[in-house]
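One structure is given here, and the rest of the page talks about it.
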Amino acid sequence: MPEGNEIHRWAARHTAAFAGKKVRVDAPTSSRFEDADRLDNKLLLNVRAVGKHLGYNFGKDRILHVHLGMYGDFTEGTGELAPEKGALRIRLWNAAAVKLGTQPGESKRHAWYSNDDGTGHIAPEKVAWVELRGPTDCSIWTEAKWATLLERLGPDPLNGDKPLRFVEKITKRKTPVGALMMDQTVAAGIGNIYRAELLFRARLSPFAAGSTVPATTLAAIWKDAIPLMKAGMVDRRIVTTKPKDRPTKKTGAPLKEEAHYVYRRHGKPCLLCGTTILTKIMAGRNLFWCPSCQAAENAKD
DNA sequence: GCCTTATGCTCAC
DNA sequence: TGAGCCTAAGGCT
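Pasting the structure below:
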């Protein structure tokens, strides 16, 4: 269940593991991915990421497009290939690093990040195989189709894009800013956690019409998003609270219950003012906000 | 075990 | 606006 931070993280790891190498690709015949043969044993040139989309570039107008959707995820490992356990699993592996025909390896989901101390972490260049399950899309795209995607998506904080288009797209609309933040044509890669947390950190009401939000506030949100999302790439964990705002004042990796200001904290007191955090569906997803810190009147013209 | 929920998105109405 | 996609985890009983 990824936002842009995880997608870019996978792109970086899979680049380190597979780019410039001959990659084996397979998928069960029962899966929806029929084209594994077109990529199997081909040289992977590079891996792209934009917003929540991944593109594995095999050259010759063959880009394996992966979108994880709500449920998709990767498992990764070293050495022996994990056994297939379901119909929809698609596997990529380094032709040179993985020996087949040995005892099946054990697929330990997320073994490399199971503890905050990094126990079990696999250095990206040591990854020999990845297994993909449950993606919304896994299909071979042409460069033209990828270009269409880039045209549609808004700027991506993790791709060095400037905030100008983000600011313009929001200030032109009367739609609540909390809904616009989820729109991938406004900003690519921001999802439900970052929406809630970025708005809180800016003390901005999610209900403020886009046109009423000062450009300086939006530019500040963009500037805030970049390091926050980069941090989420490192440890695959979204942390948005500042140590001084945590009840324990703990620095470094925070407790689970003090990693966010508002996301999934409805019914609990605001970490800053004690007001009860509220929730409501906006843009089809559960929005969380502090009605006091993010009062509508905070949004100035 | 069962039920709910989830960092996403598309399509039909 | 709601259903559907599809998978796993967590909180219950």
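Each residue of the first sequence is one higher than the last, beginning at -14 in my numbering.
The beta-carbon is built from N, C-alpha and C at its ideal position, and this holds for glycine as well.
Measuring only the C-alpha atoms, how far is residue i from residue j?
i     : j      : result
G163  : D146   : 21 Å
E182  : R(-6)  : 20 Å
K154  : D22    : 42 Å
R(-2) : K253   : 37 Å
K265  : K45    : 47 Å
R33   : W131   : 10 Å
L272  : R118   : 28 Å
V112  : A2     : 5 Å
L134  : V83    : 34 Å
C275  : L39    : 34 Å
L143  : L49    : 21 Å
P228  : N(-10) : 21 Å
G64   : V10    : 16 Å
Of the residues the options, which one's Cα is nearest the Cα of residue i?
i    : options              : result
G176 : R(-2), N26, D25, K37 : K37
A81  : A4, P212, D122       : A4
A306 : A281, T127, L143     : No information on residue 306 is available, as it lies outside the stretch -14 to 286 that the chain covers here.
V152 : P212, L39, T202      : T202
E110 : D58, G62, R76, R47   : G62
T14  : G54, E(-9), R76, N42 : R76
F185 : T225, K7, T160, G40  : T225
H106 : R221, R188, V10, W78 : R221
Specify, as a first and last residue, the run of the alpha helix (DSSP H) that residue i falls within.
i      : result
Y179   : 177 to 186
G(-11) : -11 to 3
V162   : 162 to 165
I211   : 200 to 220
Using a 10 Å radius around the Cβ and a threshold of 16 neighbouring Cβ atoms, would you call residue i buried or exposed?
i    : result
L29  : buried
T236 : exposed
T0   : buried
A129 : exposed
Y56  : exposed
D286 : A caution first: D286 carries a pLDDT of 34, below 50, which makes its placement in the model unreliable, though a value can still be read off. With fewer than 16 other Cβ atoms within 10 Å, it is exposed.
D141 : buried
Grab the span of the beta strand (DSSP E) containing residue i for me, first residue to last.
i    : result
R118 : 114 to 118
T318 : In the structure displayed, the chain extends from -14 to 286; residue 318 sits before or after that span and is not available.
D11  : 6 to 11
So, under 8 Å CB-CB, residue i and residue j are touching, yes? Tell me the CB distance rounded to an integer number of Å.
i    : j    : result
T156 : V198 : 7 Å
V51  : C123 : 5 Å
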